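Numbering (my numbering), first residue to last: 1 to 754.
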């Protein structure tokens, strides 16, 4: 990747990775003739803001409104200040387009920006999309000049637009035309909601006007698609409710961006879906760990959380602690230390740090636990020392901590994010969002990441109970309302992963525990693919850095670090040529889209088409599957997760009984006293055997209970074996009855003799 931070200060990773990827393509195909024609498919959008408008990479209209739909189209949004030096057209080979969203028409270094934009439009390779204001009518703080007018008109002319650069208050505006596919997405746009009238019109026949207004005989083309981009003027994109601050889209952002950035026939890296199911994860911030619960007025919240949540629900939990609250050298004691150790010994709990003293503001250094004598904020101590303490003092052998949960305002600097990255750890928190039933909108939910200078902070996806309880001041049962947010974001393919996010203090009040229980019961019964939070973060990191190559027509190579697991093709009726594809688990159709399931390898070859041979494949599953191997009608699946695993396999032998052998990995601390199973390796055991039967069309529906990393070996069984297994309880019962009968006769015979 390459983020532009000024001309001479940028990350230069793109070129070497492209060369490496082309070497991989050569290795994968073994035919250099095809490598020469391989093309890197650009996935990045350069998003421009203006520093003079008090905007940053984290605070701007694109991040707040547009990034989520763009990310869901597989596009990586990278931000830059339009008032600083920008990359040349020659330096933008990895970019798919440019998006601007300004709130004024004055700009610092305006002529340099206009010259750059003119070069981009003249080159004609990258579509330019302007939303809101054009943004560059005049130099910051100065009046518009004749030269300004000429240069702005030249830019509009390159986009097939004409304008006299005039704007006036809208009165008696009439909507002459509104494209119903692109408009009235969340809120209906009526003429009385148009505040301003702009003197902008389309002048090319091959432009596509989406919204046309008129006032006193003057025409205003307010939303336009052009062959080299698009334009939507301020006031007809979304509606802001001044009282609540809530926003709702007039425009359908998915369809608009999909069209303008040509996302049809484009392999979308999908982090919201895994195995055809919605991605889901649960993470817990450490606040309230040592609080005495008011449920029984005896136990710590952490102790009740372990007993009532982590031990009861067979889900993967990513659980953090605040070190100063646990460590007996500070605010903790022996009881808090032992509680944390017991908790982290659970096989379905992934450890994480929530800081040393829980900083409230990472940029000013204000800390939450200000009762620690002599403590002053230190980012390295908060991150590195807290992680080391958890690793050395709280974890059992074989477990490691590699996740840091940001605290307080969740506003780390780029340098603080770099500390986490330099240690090979993962980081999350901030962002999130919740549904406002009065103003239902996708704008209420943050995208998967926020750019912080040249770093990326990974966002939580759904708000925690603090936001549903008036900041934990009342309505302690408010967290049950999160179900509405989960339903809402489960739409549109879905919109976000399902994130169940809470604190230990949810076990403080009886009503807060009742709400959490309802949420967990709801989640447990959903057909979602649950992950640890570290696995989800790695998916987002791979989303940011994955490279996709077009080798030939309908042939794609996907390169990542092994956590790109779903590729989505929009409106694709074909399937996958499994005979030619490599490292593909299977595929399925979801609505009109094609989902391709990938294994844990770092390189994949996807060939669209039809498979002539009856090759078994997975069409759907609800836990992470790392690999599938097929040999002589026997399949071996390596699965990660907990609870009820379900999978659907296609192209199996029709109407055939199968023996399924399930082998579950031992927890590291139990291996020394466990009976080893030599079938796979010494780390597997807990062998279970059961039988399933395929349907007449070769569909095999598999269900199994898994408890960690599990290998499933699926082998064709004889009819005798299947009947024997199916009626085993009856047969065993008959044998037992026969044995009892023989024994009774023997006793009677013996009694007769006596």
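We put the CB at the ideal spot given by N, CA and C, even for glycine. No experiment lies behind these values; they were computed from the predicted model shown.
In its own chain, which residues sit with a C-beta less than 8 Å from the C-beta of residue i, not counting the 5 before and 5 after it?
i           : result
residue 311 : 346
residue 583 : 598, 599, 601, 603, 604, 605
residue 424 : 402
residue 436 : 244, 246, 444
residue 361 : 408, 409, 411
residue 372 : 324, 330, 331, 357
residue 418 : 455
Candidates the options: which alpha carbon is nearest residue i's?
i           : options            : result
residue 117 : 103, 132, 83, 143  : 83
residue 148 : 687, 167, 115      : 115
residue 630 : 287, 171, 322, 579 : 579
residue 690 : 206, 417, 61, 662  : 662
residue 664 : 262, 349, 709, 563 : 709
residue 462 : 42, 188, 485, 248  : 485
residue 150 : 706, 588, 162      : 162
residue 624 : 539, 613, 698      : 539
residue 773 : 561, 388, 595      : Absent from the model: residue 773. The displayed extent of the chain is 1 to 754, so no value can be given.
residue 446 : 68, 57, 52, 50     : 68
residue 139 : 566, 152, 714, 715 : 152
residue 191 : 203, 207, 220      : 220
residue 59  : 449, 471, 651, 422 : 449
residue 329 : 253, 588, 507, 389 : 389
residue 313 : 743, 707, 89       : 707
residue 99  : 257, 467, 319, 158 : 257
residue 273 : 657, 571, 364, 531 : 531
residue 97  : 129, 119, 86, 103  : 129
residue 434 : 488, 414, 387      : 488
residue 157 : 475, 187, 121      : 121
residue 527 : 645, 282, 567, 144 : 645
residue 581 : 283, 617, 491, 589 : 617
residue 104 : 165, 619, 730      : 165
residue 368 : 38, 89, 177, 406   : 406
Is any heavy atom of the ligand MN found at a distance shorter than 7 Å from the C-beta of residue i?
i           : result
residue 573 : Here there are no bound small molecules, and the ligand MN is not part of this structure.
Can you tell me whether residue i is helix, strand or coil according to DSSP?
i           : result
residue 29  : Residue placement at residue 29 is flagged as unreliable, the pLDDT there being 49, under the threshold of 50; a coordinate-derived value is accordingly withheld.
residue 572 : coil
residue 319 : strand
residue 736 : helix
residue 384 : helix
residue 280 : strand
residue 219 : strand
residue 589 : strand
residue 250 : coil
residue 746 : helix
residue 132 : strand
residue 100 : strand
residue 668 : Since pLDDT at residue 668 reaches only 44, below the 50 mark, its modelled position is unreliable, and the value read off the structure follows with that caveat. Here residue 668 sits in helix by DSSP.
residue 74  : coil
residue 47  : strand
For residue i, which residues from the same chain have a beta carbon less than 6 Å from its beta carbon, with the 5 sequence-adjacent residues on both sides left out?
i           : result
residue 299 : 293
residue 746 : none
residue 136 : 107, 110, 113, 114
residue 232 : 131, 223
residue 673 : With a pLDDT of only 35 at residue 673, under the threshold of 50, the placement of this residue in the model should not be trusted, and no figure is reported.
residue 61  : 101
residue 261 : 96, 97
Can you give me the Cβ contacts of residue i inside the same chain, cut-off strictly under 7 Å, excluding the 5 residues immediately before and after it?
i           : result
residue 24  : Low local confidence applies: a pLDDT of 49 at residue 24 is under 50, so the model's placement there is unreliable, with the coordinate-based value given in what follows. Closer than 7 Å at Cβ, skipping near neighbours: 559, 603.
residue 30  : Residue placement at residue 30 is flagged as unreliable, the pLDDT there being 48, under the threshold of 50; the coordinate-derived value follows with that caveat. If we look at residue 30 and ignore the five residues flanking it on each side, it has no Cβ neighbours.
residue 749 : none
residue 460 : 428, 429, 430, 431, 432, 499, 501
residue 195 : 170, 235
residue 633 : 653, 716
residue 255 : 181, 182
residue 70  : 45, 77, 257
### Message
If contact is defined by three or more beta carbon pairs under 8 Å, each pair taking one atom from either stretch, is the region 390-404 in contact with the region 338-345?
### Response
Short answer: they touch.
### Message
Under 8 Å: do the region 209-224 and the region 179-190 share three or more Cβ pairs, one atom per stretch?
### Response
Output reads yes: the region 179-190 touches the region 209-224.
#### Entry: Segments assigned beta strand (DSSP E), at least 3 residues, entirely inside the region 482-533
Correct list: 498-503, 528-531.
### Query
Taking the runs of the beta strand (DSSP E) that are 3 residues or longer, which of them lie wholly in the region 599-655?
Correct list: 603-609, 617-621, 624-631, 634-640, 642-650.
### Query
Does the region 515-532 come close enough to the region 545-562 that 3 or more CB-CB pairs lie under 8 Å?
When Cβ pairs closer than 8 Å are counted between the two stretches, the region 545-562 is seen not to touch the region 515-532, the count staying below three.
### Task
Could you tell me whether the region 462-481 touches the region 504-519, using the rule of 3 or more Cβ pairs below 8 Å?
For the pair of segments examined, the region 462-481 was found to touch the region 504-519: the number of CB pairs separated by less than 8 Å reaches three.
### Query
Any chance the region 39-53 sits against the region 75-82, with 3 or more Cβ pairs inside 8 Å?
Touching, yes, given that three or more Cβ pairs across the two stretches are closer than 8 Å.
### Query
Do three or more CB pairs link the region 693-709 to the region 642-651 at distances below 8 Å?
Between the region 693-709 and the region 642-651, the count of C-beta pairs closer than 8 Å reaches three or more; the two stretches touch.
### Query
Can you list the alpha helix (DSSP H) stretches of 4 or more residues lying completely in the region 332-397, in chain order?
Every unbroken stretch of the alpha helix (DSSP H) spanning 4 or more residues and falling wholly within the region 332-397 is given here in chain order: 334-344, 386-389.
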